[in-house]
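Colleague: Dropping the structure in here first, questions after.
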Amino acid sequence: MIELPLVFVAGILGTAHCLGMCGPFALMVGGGSQSWGRAAARQFSYTAGRVFTYAALGAAAGYCGSRLAAMLPGFVNVPATLAIVAGLLLVWQGLRAAGWIPALSSRAGTPCLASGLFSHFLRQTGSTGVFLAGVFTGLLPCGLLYGMLALAASTHSLTLGATTMVVFGLGTAPAMILAGLSGRVVRLATRRRLFAAAAWCLILTGFVSVARGVSFLSIGNQMPAGCPMCQQ
Amino acid sequence: MTARKEEIRARHQSAMGCDFCGLPVYDAAREGEPRYCCYGCRFAASIAAAGGEEGQNRWAMTRLGLAIFFAMNVMVFTMLLWSQPAGPDRVAAIWYELARHACLLFTLPVVFLLGVPLVEDAAGELVRGRPSLSLLLVIGVAAALAYSIYSLLAGGGHVYFEVAATILVAVTLGRWLEATGKLKTTEALRGLVRLLPDQVRLIRDDGEKSVPAGELRPGDVFRVLPGERIAADGSIVRHQAAVDEQAVTGESSPVIKHPGNRVLSGTLVLDGPLEISATSAAGEGTMARMIAAVAAATASRTRYQRLAERASAIFLPAVAIIALGTFAVHAWLENPAGGLLASLAVLVIACPCALALATPMALWAAVGRAAQAGVLVRHGDALSLLARAKTICFDKTGTLTTGQSRGFDFMVSCDADERVVLRIAAGLAELSAHPLAQAVAEFAATELRDDQFPATSSLKSLPGRGVEGHIDKLGQRAYLGSGRWMTELGQQWPNSWPESTDEAAETFIAWGGHVRGRFLFRENLRPDAPAAVRRLQRTGIKPVVLSGDRELRVAALAAPLGMEPFGELLPEAKLAEIQRLQQLGPVVMVGDGINDAPALAAADVGIALGSGTDISRHAASVCLLASDLSKLPWLVGLSRQTVRTIRWNLFWAFAYNSIGIALAAAGWLHPVMAAIAMGISSLLVVSNSLRLAHFADTQPAEERFQPHSDSSPLAPPLPFASPAGASP
């Protein structure tokens, strides 16, 4: 899994994208507590919840990938196809984050039935509520997450899928925790620059994944070749 | 929420509703105990309950969250089991056993967290003498659990912990989401309750005092400051202000209210304070009656609802029998585990929620949406009938027209000066309140382009005849009134005028023994009438005018609108005409609700206009609170969308249940998939119905006419305001 470091970096930089979506939650997590120690504990349990969900989703994705590969042996090169799909998804996300593809306008007024559940946990004072809020944050719809899940599925292994997602989740952790602890650790201008960097990182991860998929396809049923750029 | 609002809410719900979402519950609950329409509402209510039991609420919520967390763990370990079957390898075998035990370990908390409340619900229903689906689910989950523990301890055999855990989570989550969705459909109505203020500034002899709104009695005078809502119906005693009545009438432009004007509870005072003498107690005004009327509408069972109820009555026993049969057949053909899974899938997929929710959800959402737009639907069937309506009958005066007249022609005898005659007629008319006299004054003011009318003294008004007065400039009395009166007075008629026709109302002006001038009038069409009629025609409904007025006048009004006129109809003839039209299909009657009550009652759907103040008095099943005819095509659109939604919901519920149960009974549906499908099914019904709550205000901009504050019966009388450009 030569991409794992790249996934981690994508996680780190992807947070610039996440801060827009999930930053407010991180702020709410930090909001209720007084001391730094308590605030940090809440942030860590929130992140733990999030990473847990990512891991479970990654495991499920890896399992589904492996089942798919077992069901269609030789017919299609499943990991390769999944890797290409994941890559395209990530590139798409990157292009959107960079602002080169206009975001699809989501239909306004669609009621979110789960919002009550969510804010309820965030407002609780103990760590359990925050942990559960983290668990549910992991389930929020997020394009970046779907791209990563497709990548996890392309590993066609339960454990590798889970690992990919844990690495990604850990990558998102530092910025989220810092943002939650300090209120605003990145200024708007910096955040905009980070957004651009994140977009490029996503596009890069996407291309690597596509390239890996294409190389699988051309090699046939041999062992996964990893990142073609990194091969000696 | 204050005690009073609780009381209003309790009153309108005690009639019919679930304590959480307000949807109808049709069986009698015991006095004093909360009543819920489903397990989801019971669960959601325990989360949302305000005050007092903070710790318990948080626990209910946390319970669901933790259960989801544990269930996710169970799923991961189960996937591990699926992907690594016990191999010959010793290490792999140890891992395999570990994963099996981990499954049990993580399933037990889920059972305690979510299973216990489900058991309590099932037991509660059983105590009330009602077997419930919860009971069947509890039995199924317990069986799956028992079988899995047995095979784990006996070593060998499959474990189905993930089935037990996922079903518990999916059932609870699905029902909770469903309850939340139901709450959203009734939100429009609860929004109305929230509009009533808690406190009123009561004005007594010893000054002003803020008291709880519940203490307000009819006859009390209270003060309302700008930006506040009025707590009770009343009439203004002092000051004047613009009042936003949108919440009650749907009318968006504010209305200026003067002392003596009526104001409605729940409306918003925009500028300047008002002192109001209450005519109703705080909880009994227009707003409270509106809420009661809408609540009654949803409690009334519709055709579709009766259909769903008949289906639900046989649903539960049928599901139990199918589940038992499935277990027996599969256990005999395969093994007990297969039978258990298949019958469990039957129990899970059989979701009466979708069936029971299909109609009330859509109806509540539509009725609530209509209420937001100032349309009160008082019977659920009205919407389904309106959707099928073939003919829409309009009363003329006060419905298609504003009830005010407008002069459109004026002629003088050959020897009279037109301007002098106009001035003298206007001088008389100006001081009379009669609508025709006002129309004369208005006509004269337009023609003369000023309102310097001659001074008039000793004015006398003779009902049914006209007005007379002494015109100082002429030095004699002048008469303004009907032709018959002129003849009675012995005034001479000029020879040059054409014969009177019935087409228009007439008024004459005479003095000095000669009739000098003649005014012809036409009723003012409502400004929104032409567009509304056009749009109704476009929806395929035939518009018809039914009127007691002269045939020619009705025809003159109806022809330009493209409506079929029926004039000179006595009330009985109106009924007969409606009955004749009913042979073609459902008939809608639109009237002002006062003098055409029999016709409104005889039609399939009676729509009363401008009934902002009196929604409970007449026979109409739909009330347009503002006299806004453009609401009619909108309402037809909403009703058709509602019927489409109900049909779709019912179709989906029936199809889902029958296909799902068949698949499950055949053993082709894994219980986990069934649990997910069940949640999705209920959500589909809920969100499909919720779309009605967002039904758009469909008025294309080019068809929108200028606001018509003067045609609202709630607006103060503005004597000279006639809508411009209202001619057909």
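From first to last, the protein sequence lines are chains C and D.
10 is the number of the first residue of the first sequence in my numbering; add one for each residue after it.
1018 is the number of the first residue of the second sequence in my numbering; add one for each residue after it.
From the three backbone atoms N, C-alpha and C, an ideal C-beta is built for every residue, glycine too.
Of all the options D:Met1428, D:Ala1362, D:Asp1566, which has the alpha carbon lying nearest to the alpha carbon of D:Ala1682?
Modeller: On the second sequence, residue 1682 of chain D is found 665 positions in, with the first residue counted as 1. Among D:Met1428, D:Ala1362, D:Asp1566, the Cα nearest to that of D:Ala1682 is on D:Ala1362.
Colleague: Under 8 Å, Cβ to Cβ, is there at least one residue of chain D near C:Gly138?
Modeller: For the purposes of this step, residue 138 of chain C is taken as residue 129 along the first sequence, with counting starting at 1. Taking Cβ atoms only, chain D reaches closer than 8 Å to C:Gly138, which makes this a yes.
Colleague: With burial defined as no fewer than 16 other Cβ atoms inside 10 Å of the residue's Cβ, what is the status of D:Met1304: buried or exposed?
Modeller: Residue 1304 of chain D sits at position 287 when you count from the first residue of the second sequence. Looking at its Cβ environment, which holds 16 or more other Cβ atoms inside 10 Å, D:Met1304 is buried.
Colleague: Could you have a look at C:Pro14 and say whether DSSP puts it in helix, strand or coil?
Modeller: Working through the first sequence from its first residue, we reach residue 14 of chain C at position 5. Helix.
Colleague: Would you list, in chain order, the members of the region 64–81 of chain C that have their beta-carbon closer than 7 Å to a beta-carbon of chain D?
Modeller: Per Cβ criterion, the list reads Ala65, Ala68, Ala69, Tyr72, Ser75.
Colleague: I'd like to know if C:Leu91 contacts chain D, where contact means its C-beta is closer than 8 Å to some C-beta of that chain.
Modeller: In the first sequence, residue 91 of chain C corresponds to position 82, counting from 1. Closer than 8 Å: no.
Colleague: Give the secondary structure of C:Ser224 by DSSP, where H, G and I count as helix, E and B as strand, and everything else as coil.
Modeller: On the first sequence, residue 224 of chain C is found 215 positions in, with the first residue counted as 1. Three-state DSSP puts C:Ser224 in a helix.
Colleague: Between D:Gly1696 and D:Leu1200, how many whole angstroms is the CB-CB distance? I'm expecting something under 8 Å.
Modeller: Along the second sequence, one-based indexing puts residue 1696 of chain D at 679. Along the second sequence, one-based indexing puts residue 1200 of chain D at 183. Actually they do not touch by this definition, with Cβ atoms about 17 Å apart.
Colleague: Measure the C-alpha to C-alpha separation of D:Ala1495 and D:Pro1515 and round it to an integer number of angstroms.
Modeller: Translated into the one-based positions of the second sequence, residue 1495 of chain D becomes position 478. Translated into the one-based positions of the second sequence, residue 1515 of chain D becomes position 498. Spanning the two alpha carbons is a distance of roughly 23 Å.
Colleague: Mapping the DSSP letters down to three states, classify C:Thr90 as helix, strand or coil.
Modeller: Within the first sequence, the letter at position 81 stands for residue 90 of chain C. It is helical.
Colleague: Going by DSSP, what residues sit across from D:His1487 in a beta bridge?
Modeller: Taking the first residue of the second sequence as 1, we reach residue 1487 of chain D at position 470. The partner list for D:His1487 (beta bridge, DSSP) reads D:Ser1474, D:Arg1494.
Colleague: What does the alpha-carbon distance come out to for the pair D:Pro1650 and D:Phe1536?
Modeller: Indexing the second sequence from 1 puts residue 1650 of chain D at position 633. Indexing the second sequence from 1 puts residue 1536 of chain D at position 519. For D:Pro1650 and D:Phe1536, the distance between alpha carbons rounds to 36 Å.
Colleague: Under DSSP, the beta strand (DSSP E) around D:Gly1623 begins and ends at which residues?
Modeller: Reading the second sequence from its first residue, position 606 is the one you call residue 1623 of chain D. Here the beta strand (DSSP E) through D:Gly1623 covers 1622–1626.
Colleague: My understanding is that D:Val1188 touches D:Leu1154, with C-beta atoms under 8 Å, so please give their C-beta distance in whole angstroms.
Modeller: Start at 1 with the first residue of the second sequence, and residue 1188 of chain D comes out as number 171. Start at 1 with the first residue of the second sequence, and residue 1154 of chain D comes out as number 137. D:Val1188 to D:Leu1154, Cβ: 6 Å. Contact.
Colleague: Listing by chain order, which chain D residues have their CB less than 8 Å from the CB of C:Val8?
Modeller: No answer is possible for residue 8 of chain C: it lies beyond the span of chain C, which begins at 10 and ends at 241.
Colleague: I'd like to know if C:Leu154 contacts chain D, where contact means its C-beta is closer than 8 Å to some C-beta of that chain.
Modeller: Numbered from 1 along the first sequence, position 145 holds the residue referred to as residue 154 of chain C. For C:Leu154, the answer is no, since every Cβ of chain D falls outside 8 Å of its Cβ.
Colleague: Measure from the C-beta of C:Gly20 to each C-beta in chain D and report whether the shortest distance is under 8 Å.
Modeller: Taking the first residue of the first sequence as position 1, residue 20 of chain C is located at position 11. No - not a single Cβ of chain D is within 8 Å of the one on C:Gly20.
Colleague: Candidates D:Gln1658, D:Leu1506, D:Ser1478: which alpha carbon is nearest D:Ala1760's?
Modeller: The displayed coordinates of chain D run from 1018 to 1745. Any statement about residue 1760 of chain D would go beyond what the structure contains.
Colleague: Where do the ends of the alpha helix (DSSP H) carrying D:Leu1542 lie?
Modeller: Along the second sequence, read from residue 1 onward, the residue named residue 1542 of chain D stands at position 525. Careful: D:Leu1542 lies outside any alpha helix (DSSP H), inside the beta strand (DSSP E) at 1531–1542.
Colleague: In whole angstroms, what is the alpha-carbon distance linking D:Arg1708 and D:Leu1380?
Modeller: One-based indexing of the second sequence puts residue 1708 of chain D at position 691. One-based indexing of the second sequence puts residue 1380 of chain D at position 363. If you take the alpha carbons of D:Arg1708 and D:Leu1380, they lie about 12 Å apart.
Colleague: Use the C-beta contact count for D:Asp1714: other C-beta atoms within 10 angstroms, 16 or more gives buried, fewer gives exposed.
Modeller: Looking up residue 1714 of chain D in the second sequence gives position 697. With fewer than 16 Cβ atoms within 10 Å of its Cβ, D:Asp1714 is classed as exposed.
Colleague: Evaluate contact between the region 1654–1668 of chain D and the region 1436–1446 of chain D, counting only Cβ atoms and requiring at least three cross-stretch pairs below 8 Å.
Modeller: These segments do not touch.
Colleague: How should D:Met1089 be labelled, buried or exposed, when 16 other C-beta atoms within 10 angstroms of its C-beta is the threshold for buried?
Modeller: Within the second sequence, residue 1089 of chain D is the residue found at index 72, counting from 1. Buried, by the Cβ-count rule.
Colleague: So, is the C-beta of D:Leu1185 closer than 8 Å to a C-beta in chain C?
Modeller: As a position in the second sequence, residue 1185 of chain D is number 168, starting the count at 1. No, its Cβ sits nowhere closer than 8 Å to a Cβ of chain C.
Colleague: Taking its Cβ as the centre, do 16 or more other Cβ atoms sit within 10 Å of C:Thr56, making it buried, or is it exposed?
Modeller: Here residue 56 of chain C refers to the residue found at position 47 of the first sequence. C:Thr56 is buried by the Cβ-count criterion.
Colleague: Under 7 Å Cβ to Cβ from C:Phe216, same chain only, skipping five residues before and after it: list those, please.
Modeller: For the purposes of this step, residue 216 of chain C is taken as the residue at position 207 of the first sequence. Excluding positions up to five away in sequence, the list reads Gly96, Val100.
Colleague: Output needed for D:Ala1045: all residues of its chain with C-beta closer than 8 Å, excluding positions within five of it in sequence on either side, in chain order.
Modeller: Numbered from its first residue, the second sequence carries residue 1045 of chain D at position 28. Annotation note: pLDDT 49 at D:Ala1045 (below 50); position unreliable, no value reported.
Colleague: Rounded to the nearest angstrom, what separates D:Glu1459 and D:Arg1423 at their Cα positions?
Modeller: For the purposes of this step, residue 1459 of chain D is taken as residue 442 along the second sequence, with counting starting at 1. For the purposes of this step, residue 1423 of chain D is taken as residue 406 along the second sequence, with counting starting at 1. Between D:Glu1459 and D:Arg1423, the C-alpha separation is close to 8 Å.
Colleague: Where does D:Tyr1673 land, buried or exposed, given buried means 16+ other C-beta within 10 angstroms?
Modeller: Translated into the one-based positions of the second sequence, residue 1673 of chain D becomes position 656. D:Tyr1673 comes out buried.
Colleague: Between D:Val1702 and chain C, is the shortest Cβ-Cβ distance under 8 Å, so that the two count as touching?
Modeller: For the purposes of this step, residue 1702 of chain D is taken as residue 685 along the second sequence, with counting starting at 1. With 8 Å as the cut-off, D:Val1702 does not count as an interface residue toward chain C.
Colleague: Interface residues of chain D around C:Leu167 at Cβ under 7 Å?
Modeller: Taking the first sequence and counting its residues from 1, one reaches residue 167 of chain C at position 158. Correct list: Met1096, Leu1097, Ser1100.
Colleague: Listing by chain order, which chain C residues have their CB less than 8 Å from the CB of D:Met1092?
Modeller: Locating residue 1092 of chain D in the second sequence gives position 75, where the first residue counts as 1. Chain C residues near D:Met1092: Ala65, Ala69.
Colleague: Count the other CB atoms, across all protein chains shown, that sit within 10 Å of the CB of D:Asn1352; report buried if there are 16 or more and exposed otherwise.
Modeller: Your numbering for residue 1352 of chain D matches position 335 in the second sequence. Classification for D:Asn1352: exposed.
Colleague: Is the Cβ of D:Thr1079 closer than 8 Å to any Cβ of chain C?
Modeller: In the second sequence, counting from the first residue as 1, residue 1079 of chain D sits at position 62. It does; some Cβ of chain C falls within 8 Å.
Colleague: Since D:Cys1120 is in the alpha helix (DSSP H), which residue starts that stretch and which ends it?
Modeller: Taking the second sequence and counting its residues from 1, one reaches residue 1120 of chain D at position 103. First-last of the alpha helix (DSSP H) with D:Cys1120: 1107–1127.
Colleague: Is the beta carbon of D:Ala1616 less than 8 Å from the beta carbon of D:Leu1563?
Modeller: Reading the second sequence from its first residue, position 599 is the one you call residue 1616 of chain D. Reading the second sequence from its first residue, position 546 is the one you call residue 1563 of chain D. Their beta carbons are under 8 Å apart, which means D:Ala1616 touches D:Leu1563 by this criterion.
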